[in-house]
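Residue numbers (this note's numbering): 6 to 518. We put the beta carbon where it would ideally sit given N, CA and C, even for glycine. Bear in mind the structure is a predicted one, so any value in this text is a computation, not a measurement.
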Ligand code: ATP
């Protein structure tokens, strides 16, 4: 068994080696928490975005998409609350000079206690075997109950202090819990301060009349300010949604964990406009619908869980995360937020324009409530990629590295391999590539022995290898090899398109929802 840290290092190294993710400006030693996607990474990213877009926009009659600009009028961010409240509490260690998010230090402390609970549960499962009742155990075992109480009181105190902006108490909590710098063990902390995460920039050529702008920290506001444009021009009736994917920028205090927390990243967000009072049912609907979308990809049901927010953001009346089991533990992958009428009302106030919906059935106008689903494309990429990377023991005592990406998301769907570089086999293989490339991303590979080519394609995540051999010259058939099972089948060249389509089609996968 490799430990979590080693596994994560493998993920990062593999992402680079196979052209998925590179550090930004690497030749200049990189830029902290900024990454570039390589030749395979861009395909995987496009496929994830497309899988989301199809499920959210194309499959819902009442959801449409937009593509708003990254720059927005600066008043947008006053109205949305980002200028005043988009802060993270930071704390510095005076000895190590390292900077941390105070809330994350406390959350990590609780995660350690949670790991202890998991250990107790594991031990008890072994001890009691089939008779084990987990629910009963966690509510009655004294040690576990104490651990859980500690977590609950800690998190709720933190949430209250953050809510009240009582940063002195957040520091007091860190001191009482004896939380030390994870790198050095030092407990010599500064006070906790608030830090605004927005990046500022300027618009305009001359210094005196330049306008201060922000790079958007979320895509959502581009949707809110276009609410009426879309509603009117699309003649949308409530309930309806507007979806958008695009870049967002946050000057994160601590940016580690690879593409999990970046300073420039991409979001896939959908704002669903509803009648006030119906937010409870839509909240449940979107929680269930989004979880089904995740599960359709087959990354393992046990790798997801909901986490209700302790501290609600300034705009929300209910909020939860879908957490995924990353190589470093369960962490937020997607947020589902009931945003009330906060955003539209604020934009009404700041713009002086009415942002209301006329309900023809009730013959009244109102500011709609909003349910938001918001997922980070890069985080989704990391979830898919890290979960798919496996080291497999084979029967002949060797191992192989396989990137078992869901076929629908794989960058290259099939590699076509002539068994040898002569006898007309390359020509047939290239013809197959030319035929299939109208429908799928396919590649041609003739270098090295075929076994090594299979391994290379396994590691790159290609679901199918198609081998052209001397029999092909006689009977027009080829060998198709399946990445995950390594099963090989003899099929006719004309059957290839249908076989591949069945496995990689978005429909096949989304139908599992
Ligand atoms: P976190 O608590 O991890 O900072 P958040 O609660 O601030 O995240 P939201 O504002 O709800 O995140 O953003 C929605 C989604 O955008 C998140 O669920 C996550 O997938 C993604 N996201 C947010 N910040 C980043 C980032 N710095 N890098 C990559 N993805 C991000």
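{"Check": "heavy atom of ligand 1 below 7 Å from residue 255 C-beta", "Outcome": "yes"}
{"Check": "Beta strand (DSSP E) segment containing residue 420, residue limits", "Outcome": "419–423"}
{"Check": "Residue range of the unbroken alpha helix (DSSP H) whose run includes residue 93", "Outcome": "Per DSSP, residue 93 belongs to no alpha helix (DSSP H); it is in the beta strand (DSSP E), 92–97."}
{"Check": "Any non-hydrogen atom of ligand 1 closer than 7 Å to residue 270 Cβ", "Outcome": "yes"}
{"Check": "Burial state of residue 475, where buried means 16 or more other Cβ atoms lie within 10 Å", "Outcome": "exposed"}
{"Check": "Bounding residues of the alpha helix (DSSP H) (the contiguous stretch that carries residue 475)", "Outcome": "475–480"}
{"Check": "Bridge partners - residue 194, DSSP secondary structure assignment", "Outcome": "98"}
{"Check": "Buried or exposed by the 16-neighbour rule on C-beta atoms within 10 Å, applied to residue 516", "Outcome": "exposed"}
{"Check": "Outcome for residue 261 when other beta-carbon atoms lying within 10 angstroms are tallied against a minimum of 16", "Outcome": "exposed"}
{"Check": "Bridge partners - residue 124, DSSP secondary structure assignment", "Outcome": "None; residue 124 has no bridge partner."}
{"Check": "Segment limits, alpha helix (DSSP H) that includes residue 393", "Outcome": "382–393"}
{"Check": "C-beta contact flag for residue 228 and residue 153 at 8 Å", "Outcome": "no"}
{"Check": "Residues near residue 448 by beta carbon distance below 7 Å, same chain, minus five either side", "Outcome": "417 and 420"}
{"Check": "CB contact flag (residue 76, residue 202, <8 Å)", "Outcome": "no"}
{"Check": "Distance between residue 47 and residue 235 (C-alpha atoms, nearest Å)", "Outcome": "30 Å"}
{"Check": "Residue burial classification, residue 45 (beta-carbon count within 10 angstroms, cutoff 16)", "Outcome": "buried"}
{"Check": "Contacting residues, own chain, Cβ-Cβ under 8 Å from residue 231 (five flanking each side not counted)", "Outcome": "71, 73 and 247"}
{"Check": "Alpha helix (DSSP H) segments (min. 4 residues) lying fully within the stretch 48–97", "Outcome": "80–84 and 87–90"}
{"Check": "Beta carbon of residue 343 nearer than 8 Å to that of residue 323", "Outcome": "yes"}
{"Check": "Contact the stretch 134–144 vs the stretch 47–59: 3+ CB pairs below 8 Å", "Outcome": "no"}
{"Check": "Reduced DSSP category for residue 152 - H, G, I as helix; E, B as strand; rest coil", "Outcome": "helix"}
{"Check": "Residue 334 Cβ short of 7 Å to ligand 1 heavy atom set", "Outcome": "no"}
{"Check": "Whether residue 266 touches residue 222 by CB criterion (8 Å)", "Outcome": "no"}
{"Check": "Spatial distance of residue 385 from residue 453 (CA atoms)", "Outcome": "34 Å"}
{"Check": "Sub-8 Å separation of residue 20 and residue 390 beta-carbons", "Outcome": "yes"}
{"Check": "Heavy atom of ligand 1 within 7 Å of residue 267 beta-carbon", "Outcome": "yes"}
{"Check": "Near ligand 1: residue 190 beta-carbon under 7 Å from a heavy atom", "Outcome": "no"}
{"Check": "Inter-residue CB distance, residue 159 and residue 115 (contact presumed, cutoff 8 Å)", "Outcome": "6 Å"}
{"Check": "Proximity of residue 99 and residue 195 at Cβ, strictly below 8 Å", "Outcome": "yes"}
{"Check": "Assigned exposure category for residue 466 - 16 Cβ within 10 Å defines buried", "Outcome": "buried"}
{"Check": "Other residues of its chain near residue 311: CB distance less than 8 Å, five sequence neighbours each side excluded", "Outcome": "292, 296, 325, 326, 327 and 328"}
{"Check": "Residue-level contact to chain D via CB, residue 141, 8 Å cutoff", "Outcome": "In summary, chain D is missing from the structure at hand, where a single protein chain is found."}
{"Check": "Straight-line Cα distance separating residue 507 from residue 88", "Outcome": "49 Å"}
{"Check": "For residue 429 and residue 309, the rounded distance between their alpha carbons", "Outcome": "50 Å"}
{"Check": "Per-residue DSSP class, three states only, for residue 268", "Outcome": "coil"}
{"Check": "8 Å Cβ cutoff met for residue 482 and residue 502", "Outcome": "no"}
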